[in-house]
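Scroll down for the structure; my scribbles are underneath it.
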Amino acid sequence: MWDRQSIHAIAFALAAALAMKVGGAAAADGAKYPDWKGQWVPVNTAGAAVRGLDPTKPAGPGQQAPLTPEYQKILQDSMAVQANGGLGNDPTAQCYAAGMPRMMSYEAQEYVVTPEVTYILLGGDDNLRRIQTDGRDWPAKIEPTYQGYPIGHWIDTHGDGVYDVLEAETRGPFKGPRAYDPTGLPLHLDNQSAFKERFFIDKADGNLLHDVITVLDHALTQPWTVDKTFRRNAEPQPDWPEYYCHVTNHNIVLGKENYLLNEDGVLTPTRKDQPPPDLRYFKPAPK
Amino acid sequence: MANRRSSGVAAAALACALAMTVMMPGGFAAAADDGKYPTNWKGEWTRVVHREVEVQGAFDQTKPWGLGQDAPLTPEYRKVLADSMADQANGGLGNYPTSRCLPSGMPRIMTFGTQEYVITPQTTYILLSGSDHLRRIFTDGRDWPKNPQPTYGGYSIGRWIDQDGDGRYDTLESETRYFKGPRAFDASGLPLAFDNQSVFKERFFVDKTNPDVFHVLTTVIDSALTRPWTSDRQYMRVAEKVVQWPETWCQEGNHNIVIGKENYLLRSDGLLMPTKRNQKPPDLRYFKQPQP
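So this is what it looks like as C-alpha cells:
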C-alpha cells in the first residue's frame, strides 16, 4: 500500500510533467515551426545572367514552358520586338510589378514564420508576400493584385513534431500583365493563374531551401512545375539590398514607342530610324 | 514510513516526468524570452489624419504640410523649400522625388497607408503598404556596420525596454542612419539635407490609455535643421485580423514624366503634354526624322 508521502510525490511528479507538457505545448507551438531564418539567395544552375522561372534552364524559349501556340507566338513577338530595341512583353521594363511567379526570382529572400502568417520578404520592388496559415477560408471576394492571395498550411512529414513543409496555394484574380522573365515569356492575359507551392529544406542540405512551384494558367497546355532552390547566406548579418526600379530605369514609353534617357536626361532612340515622340500639344518655337 | 515499493513508484514517476521533458520536440527556439515581447502590436495600423490641417502625410500630423510644419530649417533649406513650392505652383514637381515614383525613404515612408509590425527577438519588421519597401529594426545587439550600403530606408538598430516594469517589453527604441537621397518630409518638397547624413531616433509604443493607438515618437537630426525636430506620430489600429492587405504601385497611377530638367504629363493616349505655360518640348537632337 502506498503511503501518503509517496502518493504526494507521485502526484507532484505527474503534475510537474503535465505542466511541462502544457508549457512545452505553448513553447512547442513556437517550437513546431522550422528554422528558416537568414538570407536566402536564389540558386541559378543555368548560369545565365537572366533568371527564368526554372533556374536550371535559360530564360525565354530555353525554359521549354508548355505554352499554347497562341502564347508561343506572344513570346516570339516579344523577343523580336526586344531584338529591335523594344521592351516586348516585359512589364518590369517600365517598372510595373513583376507579380507571381516572377517575384520569387528576386535576390535576397527572408522567411519570417509565425503561426498565423509566413512572411516572405523579397529583394525587389515586389517586396513582400504574406502566406496566411491561420486556417482561414478563401475570401468571398479577392481584390486583384499582382501577387495574388496565398493561403497555406504546415505539414509535419517526418512525424517528429516539427513542421517541415509549407504548402501554399495562391489564387487571383491577378492583375497583369505578368511575365515569367525579362524575355516576356507570358502568363495568360486573363489573369486567372493559380500557383501551388511546397516550401521545404533539402533533406541532405540544411542550408538549401526548395520552393516547388506548379503554375496553372491558360497560356499553358498543362500544369508547369519547377523546383526553385535558395541557398542560405552564411553571413550572420547579411546586407539586405534595396532595389527600386525607378532609380535605375531609363526607359520612357510615349505612345507605342519606347525611348531611352541618356545620362544627360535627353531622349534617345532605341532603334534605327525610330520616329521621335508626337509633340502636338507643344507650341512651336517662334521663328 | 515509506516502504520500498512506494519509493520505487515515486522514483519511476519522477523518471517519467524527466523523460517527458527531454523528449520535447525541437524546431526553432521559441525562446524562453518570447513571452517578453508585446502582443498588442498586431494587426493593421494606419496613420491618424487630422483632416482639419492636412490630407497628405506630413511629419508633424497636427500641422499643415509644407510651411505650416514650422520645421526648424536653416536659411539655406528654407530657400530650397520656397523654390520647391514655387516650382510646384508653376506646374513643376519641386523637391518631391515621390512624384516621379522614386522612393520616399525616411521619414516619409512612415506616413503611407497601412503598417504591420512583426516582432521577433532579433528583428522587428515594419511592413509598409506604399511603394517604399519594408523596414528592419535589428534588435540582436549588433554594432553599427563598418561600411554599410546607404539606402533610402536607412539602417536601423533598436532595443526593447520594459517601461512599466511588468516583465514585458512595451517600448522599442531605435536609431536609423546611413541614407541615400534625395528625400523630402512631405509633398511640398520640405527638404532633408542633400548630404544624406540624417539620423532618426524613434520610440515605438502603444498608447497607455487606448490600446488601438500607436505612437512613433520621432526625432530627426539633420543638417537642414537648426536643431533636432521631434514629432509624436500616431497610428490607429484598423483591424487586428486583416482579410486582404492593400497592394500599392506608384507606377500605376503616375503620369509624370521627367525628361532632362522638365517634367511633363503623359495623357491616357500616351502623348506628352506640357505642365507649364509655354513649356519647351523635349530636346530631340538625337532623332533624325522631323517630328510628325
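Protein sequence lines correspond, in order, to chains A and B. The numbering of the first sequence is the working numbering, which starts it at 1 and goes up by one. The numbering of the second sequence is the working numbering, which starts it at 1001 and goes up by one. For each residue, glycine too, the CB sits at the ideal point set by N, CA and C.
- Task: Starting from E1247(B), find everything on chain A with Cβ-Cβ shorter than 7 Å and list it in chain order.
- Result: T145, Y146 and Q147
- chain A contacts made by the segment 1275 to 1291 of chain B, where a contact means CB separation under 9 Å: N1278, Q1279, K1280, P1281, P1282, D1283, L1284, R1285, Y1286, F1287, K1288, Q1289, P1290 and Q1291
- Message: Does any residue of chain B have a CB that is nearer than 7 Å to the CB of E107(A)?
- Response: Chain B, which has no Cβ nearer than 7 Å to the Cβ of E107(A), makes this no.
- Query: Would the beta-carbon of G88(A) fall within 7 Å of that of Q94(A)?
  - Reply: no
- Message: Starting from A93(A), trace the alpha helix (DSSP H) in both directions and tell me its first and last residue.
- Response: Here A93(A) belongs to no alpha helix (DSSP H), and DSSP marks it neither H nor E.
- In chain order, what residues of the same chain lie with their CB nearer than 6 Å to the CB of P1150(B), ignoring the 5 residues before and after it? Y1178, F1179 and K1180
- Query: Residues in its own chain within less than 6 Å of L1284(B) by CB, not counting five upstream and five downstream?
  - Reply: Excluding positions up to five away in sequence, the list is empty.
- Can you tell me which of the three DSSP states I1259(B) falls into? strand
- Query: Is P150(A) near T133(A), with beta carbons less than 7 Å apart?
  - Reply: no
- What is the DSSP secondary structure of L189(A), reduced to helix, strand or coil? coil
- Task: Keeping to the same chain, check which residues put their C-beta closer than 8 Å to that of L267(A); ignore five residues upstream and five downstream.
- Result: I252, Y259, L260, L261, P276 and P277
- Item | In DSSP terms, what G152(A) is bridged to | A168(A)
- Taking DSSP as the reference, what is the three-state secondary structure of G62(A)? helix
- Query: With a CB to CB cut of under 8 Å and the five nearest residues on each side skipped, what residues in its chain are close to A26(A)?
  - Reply: Since pLDDT at A26(A) reaches only 29, below the 50 mark, its modelled position is unreliable, and no value is offered.
- Task: Return the chain-ordered list of same chain residues with a C-beta closer than 6 Å to the C-beta of T214(A), the five sequence neighbours on each side being excluded.
- Result: K196, P223 and T225
- Message: If you reduce the DSSP assignment to three classes, tell me which class L1067(B) lands in.
- Response: helix
- CB contact check: I1109(B) to chain A, cutoff 7 Å: I1109(B) does not count as touching chain A.
- Message: Please confirm whether L267(A) has its beta-carbon closer than 7 Å to some beta-carbon of chain B.
- Response: yes
- Alpha carbon to alpha carbon, what distance is there between D1164(B) and E1173(B)? 15 Å
- Just curious, the alpha helix (DSSP H) that D1083(B) is in, first and last residue? Residues P1075 to A1089.
- Query: Is it true that the segment 1226 to 1241 of chain B meets the segment 1084 to 1102 of chain B, where meeting means three or more beta-carbon pairs spaced less than 8 Å apart?
  - Reply: no
- Task: Step through the CB atoms of chain A and report whether any lies within less than 7 Å of the CB of G1072(B).
- Result: The identity of residue 1072(B) in the sequence shown is Pro, whereas the question assumes Gly. Cβ-Cβ to chain A under 7 Å: no for P1072(B).
- Item | Beta carbon of C1101(B) nearer than 7 Å to that of N1196(B) | no
- Query: What's the C-alpha gap between D1060(B) and L1217(B)?
  - Reply: 10 Å
- Using CA coordinates, which residue listed in G1035(B), G1189(B), A1187(B) and P1121(B) is at the minimum distance from I1157(B)? P1121(B)
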